[in-house]
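Notes follow the structure.
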Amino acid sequence: DMVSFQEYVDRMKEGQKDIYYITGESIAAVSSSPFIETLRKKGYEVLYLVDPIDEYAVQQLREFNGHKLKSITKEGDLDLNESDEEKKAFEEEKADFEPLCKLVKEVLGDKVEKVVVSQR
Numbered sequence: 835d836m837v838s839f840q841e842y843v844d845r846m847k848e849g850q851k852d853i854y855y856i857t858g859e860s861i862a863a864v865s866s867s868p869f870i871e872t873l874r875k876k877g878y879e880v881l882y883l884v885d886p887i888d889e890y891a892v893q894q895l896r897e898f899n900g901h902k903l904k905s906i907t908k909e910g911d912l913d914l915n916e917s918d919e920e921k922k923a924f925e926e927e928k929a930d931f932e933p934l935c936k937l938v939k940e941v942l943g944d945k946v947e948k949v950v951v952s953q954r
C-alpha cells in the first residue's frame, strides 16, 4: 500500500523520532530482509522504497517535518529508544562476542572491512 510521509508520521509510535525506510528491487526482497527484524520487534513501521527513483529522492530529502529519514541498511545508530537495561544487555553481549569478531576478521582478512556485533 502507498503511504505518504505525513501518514507515516501520524502513525509513529510514541518516542519514535525518525522515519525508517529500506530500498530494494521488489517488495518481496525488502520484506524478507533481516534488517527489518529489530524494527518489527519494536513495532516500528518501515517504508519499503522499491521504485528506482525512491533511493535518489530520499538522499535528497533527508528529513520530513523535523523527522530524519534513516535507511535501516546503512551503518550507524538507528536510535530505537532502548531502555538502560536493553542498552546494558547489548553492551554485555557485544563484549561476550568480541573474541569471535576478532577471530572472524582474522580468518577473513581483507575480504571484510570489519566485523562487529550489531542489533540489526
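Take 835 as the starting number for the sequence shown in the working numbering and just add one per residue. Ideal Cβ placement from N, Cα and C applies to all residues, glycine included.
Do V938 and V949 have their C-beta atoms closer together than 7 Å? A contact, by the Cβ cut-off of 7 Å.
Which runs of the beta strand (DSSP E), 3 residues or longer, sit entirely within the stretch 852-918? Counting whole runs of 3 or more residues, the stretch 852-918 contains the beta strand (DSSP E) stretches 853-857, 881-883, 901-905.
Expressed to the nearest angstrom, what Euclidean distance is found between the alpha-carbon atoms of R845 and A891? Going by the C-alpha atoms only, they are around 22 Å apart.
Compare the C-alpha of D835 against each of L883, R874, T907, K876 and name the closest. Proximity to D835 across L883, R874, T907, K876 peaks at L883, based on C-alpha coordinates.
Rounded to whole angstroms, how far is the Cβ of I853 from the Cβ of L903, which I believe are closer than 8 Å? Under the criterion of beta carbons closer than 8 Å, I853 and L903 qualify as touching, at roughly 5 Å.
Enumerate in chain order the residues of its own chain whose CB-to-CB distance from P933 is below 8 Å, with the five nearest sequence positions on each side excluded. Setting aside the 5 residues that flank it on each side, P933 has no residue in the same chain whose C-beta is closer than 8 Å to its C-beta.
May I have the straight-line CA-CA distance separating K851 from L873, to the nearest angstrom? Cα-Cα distance, rounded: 13 Å.
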